[in-house]
Every structure is written in C-alpha cells, then in structure tokens.
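Heads up: the sequence shown begins at 663 in this note's numbering, then just goes up one per residue. Where a beta carbon is used, it is the ideal one built from N, C-alpha and C, also for glycine. Note that this is a predicted model, so its numbers are computed, not measured. What follows is a short report on a single structure.
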Amino acid sequence: MSEHGQAVQNISDDETAEQYSNPVIPQEQSMNQSAAVAGSDDPMNSGAHNPTVFSATSTYAIELATPLLSYLRRRRIIALHCNNSQAPRYHGSDNRRSHDERCSPYDSIWKQYLQRLYLSSARRTQYSGELRPSTSSTGTVERGVEYSLADAADQGPPAKKPRSMQSAGIQAQQQSPPKSVGQRIKETLQTSKNQLCRSPNVADTSLVSSPMSPPPLGAAEVNTIRIIGQYLKNLGLQETVATLFAESGCRLEDTLAVRLREYIMAGEWDHALGIVDKMSPFVTHLNLLRIREKLYEEKFVDLLGKERVLEALSLLTVDFPSDPAFFDRRNFLATLLYVDPKSVDVCAKTGAHRTERERNALIAEIQQLLPTTVMLPCNRLEKLLTQFMFMLYKEIFSNVAAWKMQCRECYLHVLTKHTDEVWCAAFSRCGKYLATGSRSGAAHIWKIINEATVEPYKELTGRNSSSLLTWSDDGALLAVSAAEGHLADVHIYDVHSGITFCVIENRANDSTVMSFVPNSSFSYRLVCADQMGHFCQYALSKNSVKSEGKFEGYRIRAVHCLRNGSVLAADTHNRVRSYRFSDDSEVTLIEELSQISTFVVDKSERRILIDTKLHGLRLWDLRTRTLIRAFVGAPHQDFIIHSTFGGPEQSYIATGSTDECIYVWKQSSEELIAKLAGHNARVNAVAWNPRLPQLVSCSDDCTIRIWSPLVGIDSSTIQQN
C-alpha cells in the first residue's frame, strides 16, 4: 500500500465519521462577473479577485476533497500559502521533505491537485466573503467558501446545504409566467394568513391556513369599497375586483340590480318587470311607477315590431300605469297602434332603446330612480371627482381677489377662426362644447378639453350668418338663426356629424329667437318666435318638422323654455309672460319700465336677469315676481348684448359692454368684483361654462377670448399642469 493510502488509514474513526458523513456542500453565490471567467477551466489561471466557475463534476470533487485537505493540513502533511503573488509550496522539516521525495509520482500529483483546489477556494473566499446562491447565464454554478483558511481546520466542513432544491426553485421562479394584479393580491393575502396561523416552532411545510373573517366596516367604508370596485371593474381588472370583495365581504350591487341589468340588456322585459316588483320594499311608489312605465314602453314597441298588435293594446289598457301623470304618454303610444311598423320607425318616434349603447342609457335612466345601495350610478368615482373639483372651484370663485380688477392679462386663449364680428356664444349643458356664431360665415363648435385647452371641433356650413345659438338638452343638436336682412330660416345641426338635421322655414325678414324644450327625451321640440308675430312650437325629426301649436299677434324679442313645460317670452310691450302650448294658456309675470332687449334665466329657474335699455340689468324672482336688485355700470346703449349667470351655484353675473370690457358682479351683493379688459371692440356676448371655471366673451374685433379666475396662476402654468 502507498504512503498516501497509509496516511488515509491513519485517520481516526471519529474524524472519518465527522468529515466523510457530512461532506461540504457550499451554497451558490450570485456573481454578475461570472461571464468573464466562465471560459477558464484552470482555477489557477483566474484573477486574484475573480470567482472561479466550476462544472458540476469539479464542484463535486471539491466537496469530496475538502475533508481530506483538512486532515492533511492538521497532520502538517501539506501547508498552503494563500498569497496571491506566490505559487503554492511545500513546507516542513527535512524529514517531511525527504518523505515527500520518496512519494510515488501518483501521490505527488494527487497532492498538487488538492493544493490547486484548495487554493482556488481560498481565493474565492477573499473575493466574496459570504455566500449568495445564483445561477449564471451559461448554466454553470458559481460557488464560494464561507470560512477562511485560518478557521477551516478548526471549524471543519460547513453544514450541508440543499443546493439542488435551491437551484430548482430559482429556475422555476425565473420561468414562471407573469402574474396579474389579482393573482399577486391573492398570494399576498394567502401569505399574510399563513403567517398569522404559523407557530414559531412549526416549519413552513406544515402551515395550515384558515380563512379570515371580513373586518367590521361602516357604511362609508362599504360605499368607498363599492365605488373603487366599480372603477376597477370598468378598467377590466376582474380578478382584482373579485379579491377586493372577497376580502371585504362587500357586494358591488344588489343581486336584483344585477339581474335587472342583464334582463334589460337582453330585452327580456317580462323578467325585468318581475325584478322591479321585487324592489318595492326599498323603492318609492312613484319611482316604481316610472320604472314600470319605461319598461312597459319598451315592451310595447317590441310587440309592435313583431306585429303583435292585440298584445300591445292589452298592455296599454291593462298593464300600463294608470297614474294621471302617464295619461299623455299612454295616449301617444295608442296612436302608434294604427301605423305600419314597416313604413314608420316606431323606435325613432318613441325613443325606444334597441342597441347595446341605447340600453345602457336606459339602465342609467332607471338607476337614477333607484337608491345607490341597490345600484351604483355609472362612473360614480368620476362624478365624485368632478364634484370635488366643483367645490375646489367654488373656493376659488368665493375669493374676490381671484378676479383682478382692470386686468388685461388674465385671459387664457384667443380664438381667431371667425373673420367677421362675433355676435353670439353658448356652451352646451354638459360644458364640453362651445358654439360661436358671427355676422358672416359659418358657425363653429369648439371642444373644451379643460379650462386652459380648447380645440376646434366642427364647422357648420350652409348659412352665411348667425345671430343666435341654442343647444338641445342633451347637447346633440344646435339651432342657429340668421341675422336681420338674411333669409331667416332656422337650421338645426347634428353637432357630432356636422350635417343639417332639419330646417324650419321662416319667410319673415326678421331675426328669430328660439329655445329647445328641455326633458324632451322622446323627441326634440323647439320654440321659435320673432317680432313679426310668429310664435310656434315645432316637433323635430330627421329632415322633418311638424308644428305642435302657436300663439298669434305677439312680437317676441326673447324666449326661454322651462322644465315644467311653460315658455317665457319677452315682447315689445316690455313684458315677460308665461305661455303653455299644451292648453294655450298665458299669464303676465313681469312688466318693465323700459324696452327689454333680452333676458336669461338661471339654472334653478328661480331668477331671471333682464337687460333693459334704460335701467341696466335687473334681477327678478320668478316665483314672487319681485325685483331683487339692479346692476348698473356696463353701457349697452341700443345694442343686444347677451349676459349670463355663472360660477358655483350661479352666484355671479357677467355681461359685455360697448366700452370693450367685461363686467362681473356678485349676485348677492351687487358688488362689482371685476372689469376685464382685453378686447378691442364692443363685447357682444359672454357665456359661462357650467362645468369649469371658464368665461367666454366674443366681440366685434372678430375674436373669442377665454378667461379664468384662477388665483396667481398664469396661462403657461395652467397648460403645463
């Protein structure tokens, strides 16, 4: 037996059991520099501070050789110097050296190989200092030694590490597909549950997770979760929504509301009516009747389309609500029993909902009649944010210093699309669109992006002048009348397509005033009048106009339609009177002391601002028919200048003037808070955005200016934000 074999046999049984039963398995170390040394097979050729990359076979050899090296070093058979600048050498007494010289060549090669392996481990220890598992891009394993050479002999081999399991786990983690937000939330919740259920002395493999009960939530917290869930659902994050409601124990909507929506979208009106009957415990009787009326009307139109006339007749006589509030509607539907559904579009006449978009609009209408605990309003979070912005703007408006007196630089935009005097301007009810008209040329529609950004939207061609503009209640149609001396036909345009919807012929050589009837959800109605004695109400449809009533002998200067069905009109006798086309009734409300040029009604329909020739602007209460106060100082002379209510709760009044300025008053105190200068000619009209803190003025200088009362913020700052 060789000397090397004898040396191995001299190892004690305890040392053998300790060192060979627990071979060293160093942990994997994460090194970004592994690619630089991956090509070197010889560990001695590596840099002094570079990790050595071993194959699986070499790594296993190191693990088996490490206990033997420890034994040889303790027995002083081998002594290693780890200085980077020196090669490994043998040291010992002369007897040891002579003994080494007598070793066989096989034993000498074996010792040198073990020296090289151990020296490479020492170099890696100097470089890393600690162990971190990793895998390199080439598939090899990077390894380091946790202990220094000085302590290796005393401490022995380190504890056994589950190398293969760690590598497999890391590879599985790298190869796992990307997870959605909902999946990550579920895993996080499951992890938190496991940690709560874990005993300090129990390993992870023995975890037993138990479901957590939902935390106690108040009404405000529940509603907040529902609103957030609705917003996430609209974004398409279905798993996130499911996790949110599963954890909180809340519901987005009542199950009856969910089924009602499904039945309406599918056109199953009988099932939808059955769901409505089940909602009676938490919906008022009047709202239930209104919902039934809408659904019965949809069913009626559906039956007519299928030519089931007898069933439609039975629906009107038996099922349709008998409340007096629905008599007019039922009588109108009865007239459709005699029309041919193939030649007449019944859906267009009734406003029935056929497409998915239209039925979503029907659901939105029904939702307004249901409590929010049953069905959330559409886009509830956006509406709440809009209300928050409104309150913020209210704070801005309430600060009188927001409007700078005699300020020539507080406007944000100057629009110059018109080439002639701009006579009129009007915002849509939603505040997202602005219409302007001039003495000659086409009318223009502008899209309001925000208070500092306005973009051209449509150019309405087909006529040469515009003296007055009025919007329909839903913002879909715009009526435009001509100025004096032109053909006074009234053109009604489809706003979003820019084409003519219909035309009302008017042969009188005079300007026409007009106003859309609000709440005409089933058809559009427009009231037109002039100073030649024409005063009519028209029902509008595509390329069709039908007169529905008229008053004779009144020379009208201005009109406004109220939500209760009555029409306010100012005539040449300096009166403001109320007319109803349904029963031909009329009553005088206000009599002024001088000629009335025009008037405007606030959003609440409680107050009216009348522009008089001699006494300035006068504010009246329509219910009590009393004068509240007068606003003077803005010269109008003989010109028609359109004024406006505006601001939060419409607590401000603004008007143009012949001195090229805009005057802004506080309605409650007659306080003039601003006189805005910037135009170079007479200001013909002002309009206040109902949604944003935005005031628009138009002038004979052919420009439109947009103003804002934002405190201490110039236009460049607003545009950047």
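In the three-state DSSP reduction, P1118 falls in the strand class (E or B). The segment 915-951 contains, as complete alpha helix (DSSP H) runs of 4+ residues, the segments 917-928, 931-940 (chain order). When the alpha-carbon of D1082 is set against those of T905, L1074, V1076, R1101, the nearest one is in R1101. Secondary structure at D981: helix, using DSSP grouped into helix, strand and coil. In the three-state scheme derived from DSSP, where H, G and I count as helix and E and B as strand, I887 is classed as helix.
For A1349, the enclosing beta strand (DSSP E) starts and ends at 1345-1350. The continuous alpha helix (DSSP H) containing C1009 extends over residues 1008-1012.
If you draw a straight line from the Cα of S1228 to the Cα of Y1155, it comes to about 24 angstroms. For the options Q1356, S1266, A1231, G898, the alpha carbon positioned closest to that of I1272 is the one of A1231.
Taking the Cα of L998 as reference, the smallest distance to any Cα among Y1216, A1014, D985, G1295 is reached at A1014. Scanning F1050, W1369, R1217 for the CA closest to the CA of N1351 turns up W1369. I1315: member of the beta strand (DSSP E) spanning 1314-1317, first to last residue. In the DSSP assignment, E1027 falls within the unbroken alpha helix (DSSP H) covering 1018-1029. In the three-state scheme derived from DSSP, where H, G and I count as helix and E and B as strand, K1208 is classed as strand. For the pair of segments examined, the segment 1038-1045 was found to touch the segment 1019-1030: the number of CB pairs separated by less than 8 angstroms reaches three.
Put simply, of C1086, G898, V1008 the residue whose alpha carbon is nearest the alpha carbon of C1364 is C1086. Annotated three-state conformation of T997 is helix, per DSSP. Going by C-alpha positions, R1021 is about 30 angstroms away from A908. In the DSSP annotation of this structure, F907 is not part of any beta strand (DSSP E); the continuous alpha helix (DSSP H) holding it starts and ends at 900-910. Note that the segment 1130-1144 does not touch the segment 1108-1118; fewer than 3 beta-carbon pairs, one per stretch, sit closer than 8 angstroms. Within the same chain, T1317, S1319, Y1325 come within 6 angstroms of A1296 by CB-CB distance, once the 5 residues on both sides are set aside. Per DSSP, the continuous beta strand (DSSP E) segment holding L1139 begins and ends at 1139-1143. Pairing S1177 with H1222 gives a Cβ-Cβ distance under 7 angstroms. Straight-line measurement puts the Cα of L1096 at about 13 angstroms from the Cα of L1122.
Distance check between I1161 and each of V1189, R1269, K1120 places K1120 closest, using alpha-carbon atoms only. DSSP, reduced to helix, strand and coil, places K956 within a helical segment of the structure shown. For R1280, the secondary structure class from DSSP, reduced to helix, strand or coil, is strand.
When the alpha-carbon of P943 is set against those of L966, L918, P878, the nearest one is in L918.
Going by C-alpha positions, F1261 is about 54 angstroms away from S910. Remark: C-beta atoms of L977 and A996 do not approach each other more closely than 7 angstroms. Nearest in C-alpha terms to S1313, of all of E1322, K1328, C1323, F1301, is K1328. Sorting E1210, Q1193, R1268 by C-alpha distance to the C-alpha of I1258 places Q1193 at the top. Under the 10 Å beta carbon count, L1054 is surrounded by fewer than 16 other beta carbons and is classified as exposed. Looking only at T1288, L1202, H1196, I1302, the smallest Cα-Cα distance to A1138 is reached by L1202. Here DSSP, grouped into helix, strand and coil, assigns N896 to helix. With a 10 Å radius around the Cβ and a threshold of 16 neighbouring Cβ atoms, V1001 comes out exposed.
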